[in-house]
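Residues in the sequence shown are numbered consecutively from 14, following our numbering.
The structure appears right after this line, and notes come after that.
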Amino acid sequence: MTRRERVLKALAFEETDIVPYQVDFTIPAREKMVSYLGDTHFIEKIGNHLAYVKAIPPYGVKEVAPGFFQDEWGVVWNRTVDPDIGNPTPVLSRPTLVGYHFPDPTDPSRYKHIPSFVEAHRDAFKLLRETYTLFERAWSLRGMEEFLSDMLVNESFVKDLLDAITAFHLEVIDRALDFGLDGVLFGDDWGWQGGLIMGPRLWRKYIKPRFAEMIALVREKGKKAFLHCCGKVQEIFPDLVEIGLHVFNPFQPEVMDIFVLKREYYGKLAFWGGVSIQRLLPFGTPEEVQKETRRILKELGRGGGYIAAPSHALPRDIPCENIVALCEVLTNQGSFE
C-alpha cells in the first residue's frame, strides 16, 4: 500500500495497515534537529504521507531588506523574529480597494513547477497549499483590528475584499488541480484558545459562504478538501461538515476533546493532528511521548478517519529527544506492544 493509498483509505473511514502520519517542522525546529542528528536529510527518512506545493510564481516573494519579505499581494512580512511567517505590514490603509491591484492567478509561471513536484512525490498524497485563504489574507492586507472593525461597520468593503480573494483562489484551484494533485490544504486561522476570533455569527456571514465555494470546486474536481485552522473552533464543525470539508487540522487537544470529537464526527469529518505541542511534546519525557502517541494511534486510528500528527508544525521549544521518540512510534507502528 502506498502512502497515497493509505491516506485515501483513511479518509474513506476504512481501517489501514498503519495509521497514516505527518510530522512537519518550523524552520528553527528543523535546524535544531539537523544539528542534533547531524543529518540534513532526516525529514525524508520519517516517511511522511503528505506532500505540499504552492501555486506561486517565481517573483511571488522577495526579500526587500534583511529579514523582511514582500509577498505578491504587496504585504511586507517581518521575519526577523519568526522566520516561518512573520508580522505583516498592511497595505490597505482605508476600507477601499481603489488603486489596489490583485495578483494574477492566470500567470502560467505560477504552475510551471507543479508537474515535476507531482512526479517526484508519486507515492505521497499531494496537496495544493493555499495559505492565508480568506480571513488571514484579508487582515494581513488591512490589519487585524481594522478588518475586525470593518466586519461590523464596513460591510460592503469586507464583501468586496473577500469576494476578490475568493475569486483569486478559485482560479488557482481550478488550474492547479488539473496537474494531478490529490486535494487542497486551505490555511485560515479563525480561532484562538477561547473560540472564534470574529464569533460564529460573523464567520457564518462572511467566511462560510465563500469557503463553501472553494470546497465545492475541490469536490467538483474529484479531490479532497483539507483545512488548517488553529483554535477552539469546534462550534462550527457542523457547518464544515455541511459545506463538504473532508479533513480538519490541527485538532488541538488543549482546546477540544479529540477522542469525543473523533467518535462524534466519524464518517462525516476526518481529523489530522492531535498530538499536543503545548503540553506533551515540550514538557513530557520521551517515555511519556511514546506512551501517549501509541494511545492516540490506537484510539483515533481505529476505523480510519485520522492522520496522526503533532497539533502544529513542531516549534523550536520541543526537545529533540521527544521528537525522536514521537517519530519512532509513528514509523514503527506494529513493533510496539
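Beta carbons: idealized from backbone N, C-alpha and C, even for Gly.
### Task
Decide if L165 is buried, meaning its Cβ has at least 16 other Cβ atoms within 10 Å, or exposed.
Flag for L165 reads exposed.
### Task
Just list the alpha helix (DSSP H) runs in the segment 18-102, keeping only unbroken ones of 4 residues or longer that don't cross its boundaries, in chain order.
Counting whole runs of 4 or more residues, the segment 18-102 contains the alpha helix (DSSP H) stretches 40-50.
### Segment limits, beta strand (DSSP E) that includes V288
Per DSSP, V288 belongs to the beta strand (DSSP E) from A283 to V288.
### Task
Give the DSSP-derived three-state secondary structure of A177 in the structure shown.
Note: A177 maps to helix in three-state DSSP.
### Message
By alpha-carbon positions, which one of G286, L258, S169 and Y279 ends up nearest to G235?
### Response
Comparing Cα positions, the closest option is L258.
### Task
For D384, count neighbouring C-beta atoms within 10 Å of its own C-beta (all shown protein chains included) and say buried if the count is 16 or more, exposed if not.
In the structure displayed, the chain extends from 14 to 350; residue 384 sits before or after that span and is not available.
### Query
Is K125 helix, strand or coil by DSSP?
In the structure shown, K125 sits in coil (DSSP, three-state: anything other than H, G, I, E or B).
### Candidates V268, K67 and D84: closest to V74 by CA position
Closest in alpha carbon position to V74, among V268, K67 and D84, is D84.
### Query
Nearest CA to the CA of K172: which residue from F250, K218 and T119?
Here the closest residue by C-alpha is K218.
### Task
With a 10 Å radius around its C-beta and 16 neighbouring C-beta atoms as the bar for buried, classify Q265 as buried or exposed.
It is buried - the Cβ of Q265 has at least 16 other Cβ atoms within 10 Å.
### Message
Taking the straight line between their C-alpha atoms, what separation do you get for T298 and N61?
### Response
In a straight line, the C-alpha of T298 is about 23 angstroms away from that of N61.
### Query
Taking the alpha carbon of E305 as the point to measure from, which residue in S289, A151 and K22 has its own alpha carbon closest?
It is S289 whose Cα lies nearest to the Cα of E305.
### Task
Please report the residue range of the alpha helix (DSSP H) in which I320 lies.
Counting along the chain, I320 falls outside any alpha helix (DSSP H), though it belongs to the beta strand (DSSP E) covering Y319 to P323.
### Task
Whole angstroms is fine: what's the gap from V246's alpha carbon to S48's?
Between the C-alpha atoms of V246 and S48 there is a straight-line separation of about 36 angstroms.
### Query
Can you tell which of E149, V89 and L154 has the C-alpha that lies nearest to the C-alpha of P108?
When each option's Cα is compared against that of P108, the closest is L154.
### Message
Relative to the C-alpha of A177, which candidate in R142, P118, I331 and F284 has its C-alpha closest?
### Response
Ranking the options by Cα distance to A177, first place goes to P118.
### Query
How is H241 classed by DSSP in three states: helix, strand or coil?
Here H241 sits in strand by DSSP.
### Message
I'd like to know whether the C-beta atoms of I196 and K237 end up nearer to each other than 8 angstroms.
### Response
Note that residue 196 corresponds to Gly in the displayed sequence, not to Ile. Yes. Within cutoff.
### Message
Taking a contact to mean a Cβ-Cβ separation below 8 angstroms, would you say G316 touches E28 in this structure?
### Response
G316 places its beta carbon less than 8 angstroms from that of E28.
### Query
Out of curiosity, what's the CA-to-CA distance linking S122 and F181?
Roughly 15 angstroms between the two C-alpha positions.
### Query
Given 8 angstroms as the limit, is there contact between the segment 327-347 and the segment 39-57, that is, 3 or more CB pairs closer than that?
A contact exists between the segment 327-347 and the segment 39-57.
### Query
How should H241 be labelled, buried or exposed, when 16 other C-beta atoms within 10 angstroms of its C-beta is the threshold for buried?
Looking at its Cβ environment, which holds 16 or more other Cβ atoms inside 10 Å, H241 is buried.
### Query
For W216, does the three-state DSSP call read helix, strand or coil?
Of the three classes helix, strand and coil, the one that applies to W216 here is helix, per DSSP.
#### Entry: CA-to-CA distance, D187 to R223, given in whole angstroms
Cα to Cα, the separation comes out at about 15 angstroms.
### Query
Per the contact definition of three or more C-beta pairs closer than 8 angstroms, is the segment 206-218 in contact with the segment 137-147?
Fewer than three pairs of CB atoms, one per stretch, sit closer than 8 angstroms, so the segment 137-147 makes no contact with the segment 206-218.
### Message
Considering Cα atoms alone, identify which of V231, A25 and Y124 is closest to I69.
### Response
Of V231, A25 and Y124, the residue nearest in Cα terms is Y124.
### Message
So if DSSP puts L161 in a beta bridge, which residue, or which two residues, is it bridged to?
### Response
Paired residue(s): none; L161 is not in a bridge.
### Task
Could you tell me if T93 is buried or exposed, where buried requires 16 or more neighbouring beta carbons within 10 angstroms of its beta carbon?
The residue in question, T93, is exposed, as its Cβ has fewer than 16 Cβ neighbours within 10 Å.
### Query
Taking the DSSP output, what are the residues bridged to K234?
Under the DSSP definition of a beta bridge, K234 lacks any partner.
### Task
Within its chain, find whatever has a CB closer than 8 angstroms to the CB of L175; leave out the 5 residues flanking it on each side and keep chain order.
L147, A151, Y219, I220 and R223, listed in sequence order.
### Message
Taking the straight line between their C-alpha atoms, what separation do you get for P323 and V36?
### Response
Taking the straight line from one Cα to the other gives about 7 angstroms.
### Query
In whole angstroms, what separates the C-alpha of S162 from that of C340?
Near 43 angstroms, if we compare the C-alpha coordinates of C340 and S162.
### E149 - DSSP class collapsed to helix/strand/coil
Three-state DSSP puts E149 in a helix.
### Environment of H114 [buried if 16+ CB atoms lie within 10 Å]
Around the CB of H114, fewer than 16 other CB atoms lie within 10 Å, so the residue is classed as exposed.
### Message
My assumption, with CB atoms under 8 angstroms, is that I249 sits in contact with P295. Please give the rounded CB distance.
### Response
Not confirmed; about 28 angstroms, so no contact.
### Query
According to DSSP, is V197 helix, strand or coil?
Annotated three-state conformation of V197 is strand, per DSSP.
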